[in-house]
Amino acid sequence: MSTLTLQEQLLDAAELMQQARQIVALTGAGISTESGIPDFRSPGSIWQLQPPVSYRDFINKPEARQQYWQTRRHLSSQVKEARPNAAHRALADLERRGILLGVITQNFDGLHQDAGNSAERVIELHGTSRAAACTICGARSSITELQERVDAGEVDPRCPACGGFLKAATILFGQRVPEAEITRAKELAAACDLFLVVGSSLKVMPAAMLPRLALNRNVPLIIINLQPTSLDSLADVAIAEKAGLALPKLVEML
Ligand code: NAD
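Under the working numbering, the first residue of the sequence shown is numbered 10, with each subsequent residue one higher.
In C-alpha cells, the structure reads:
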C-alpha cells in the first residue's frame with residue numbers, strides 16, 4: 010500500500026503521462042461499475058453466490074443454458090441503461106489529444122465507443138453483448154431479436170446456418186479469446202510508451218499478462234483499481250481509488 014497521498018500519486022502519474030505519446034489502456038469491469046454495471050470480483054458481488062455459467066456447461070447442460078439466459082436478462086437491462094462515466098470520457102479525451110494508441114478492454118458493454126473512443130482503437134477481448142453469435146460457426150445476428158425469442162419461451166435457440174447454440178457474442182469462462190484480438194492486444198502492448206490499467210483485478214488471462222509485456226520493455230505502468238492487484242508492487246504508480254474520480258483528475262493535469 011502506498012504511503013503517498015492521492016494528490017502525490019496523481020502528480021507522479023501525470024508526470025509519466027506527460028512524456029507519453031503512445032498510451033495503451035487496459036480496462037476491466039471496474040471502469041463500468043460507476044455506470045451501474047456491477048463487476049464480478051468486488052467483495053459482495055452476486056458472482057460469489059452464483060458463479061457465471063462456463064462455456065463447457067453452456068454447451069453440455071440444458072439447465073446451464075437456462076441459467077445463462079436468466080442471468081443475461083438481468084445483466085442486459087443494466088448494460089442497456091448504462092451510460093459512459095467520467096473515466097470512460099477521460100480515455101476518449103486522451104484519444105482526442107492524440108496520445109492514445111488504443112484501449113484493450115475485457116468489458117462487453119460498448120461504453121468506450123459510446124464515450125467517443127473510435128471503434129478501431131478499441132479491442133474487445135471478451136467480445137460484445139451488443140450482438141448475438143453462434144457458438145459453432147460464429148455467425149453474428151441481432152441480440153435483441155434473440156432475447157425476444159427466449160423471453161417468448163423458445164428453449165435453446167439455434168443457428169439457422171449450422172445448428173449451433175446461439176448466445177450473446179461474449180466470451181464465457183473457459184472459452185478461448187479469438188486469436189486476432191490477442192494478437193492485436195499484444196501488438197499494442199509491444200508498441201506503447203505507457204501502460205495504464207483501469208478497473209481490472211488482473212486475475213483473468215490473457216489480459217493479465219499484457220502489462221507484463223510492457224514492463225519487460227521498461228515501459229511505465231500506472232494502475233487505477235480499488236482493490237490491490239498482483240502487479241501493484243511492479244507498477245510505477247498504483248492508485249487505489251475510484252476510476253471515475255482518479256482518471257479525469259489525472260487527465261486534467263496533462
Ligand atoms: P476484474 O477481474 O477485472 O475485477 C474488477 C476490478 O475492478 C476489481 O478488482 C475491483 O476492485 C475494481 N473496481 C470496481 N469498481 C471500481 C471503480 N469504480 N474504480 C476502480 N476500480 C474498481 O473483473 P470481474 O468483475 O472479475 O469480471 C470478469 C470478467 O467478466 C471481465 O473481464 C469481463 O469480461 C466480464 N464482465 C464485464 C462487465 C462489463 O462489461 N461491464 C461487467 C462484469 C463482468
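The beta-carbon is built from N, C-alpha and C at its ideal position, and this holds for glycine as well.
Notebook entry, point to check: For residue 38, which of 224, 62, 117, 79 has the nearest alpha-carbon?
Noted result: 117
Margin query: Any heavy atom of the ligand NAD closer than 7 Å to the beta-carbon of residue 140?
Written below: Annotation for residue 140 indicates a beta carbon at 7 Å or more from all heavy atoms of the ligand NAD.
Next item on the list: May I have the straight-line CA-CA distance separating residue 202 from residue 228, to the nearest angstrom?
Entry: Between residue 202 and residue 228, the C-alpha separation is close to 6 Å.
Item checked: residue 244 CB to nearest heavy atom of the ligand NAD below 7 Å -> no
Checklist line | Three-state class that DSSP yields for residue 109 in the structure shown | finding: strand
Check: Which full runs of the alpha helix (DSSP H) of 4+ residues lie inside the stretch 40–120, going along the chain?
Finding: 64–69, 71–90, 95–105
Note to self: So, at 6 Å on beta carbons, what are the nonlocal neighbours of residue 109 in its own chain, with the 5 sequence-adjacent residues on each side left out?
What the structure shows: 32, 103
Item checked: N- and C-terminal bounds of the beta strand (DSSP E) containing residue 260 -> Note, residue 260: premise wrong, no beta strand (DSSP E); alpha helix (DSSP H) at 252–261.
Notebook entry, point to check: Along the chain, where does the beta strand (DSSP E) that runs through residue 175 open and close?
Noted result: 175–179
Check: To which residues does DSSP link residue 230 through a beta bridge?
Finding: 204
Margin query: Taking a contact to mean a Cβ-Cβ separation below 8 Å, would you say residue 248 touches residue 15 in this structure?
Written below: Yes, these two residues count as a Cβ contact at 8 Å.
Notebook entry, point to check: What residues in its chain sit with their C-beta under 6 Å from that of residue 93, if we drop five residues either side in the sequence?
Noted result: 120, 123, 124
Note to self: Quick check: the Cα distance between residue 79 and residue 156, rounded to an integer number of angstroms?
What the structure shows: 10 Å
Item checked: Assigned exposure category for residue 101 - 16 Cβ within 10 Å defines buried -> buried
Note to self: Beta-carbon within less than 7 Å of residue 199's beta-carbon, same chain only, minus the 5 sequence neighbours each way: which residues are those?
What the structure shows: The residues are 222.
Note to self: Does the structure place the stretch 54–70 close enough to the stretch 176–189 that three or more beta carbon pairs sit under 8 Å?
What the structure shows: yes
Next item on the list: Can you tell me which of 144, 139, 61 puts its alpha carbon nearest to the alpha carbon of residue 154?
Entry: 139
Margin query: Bridge partners for residue 33 per DSSP, in chain order?
Written below: 111, 204
Next item on the list: Enumerate in chain order the residues of its own chain whose CB-to-CB distance from residue 167 is below 7 Å, with the five nearest sequence positions on each side excluded.
Entry: 173, 174, 175
Notebook entry, point to check: residue 43: beta carbon under 7 Å from a heavy atom of the ligand NAD?
Noted result: yes
Item checked: residue 71 versus residue 145 - alpha carbon distance -> 17 Å
Check: Of all the options 129, 253, 236, 246, which has the alpha carbon lying nearest to the alpha carbon of residue 211?
Finding: 236
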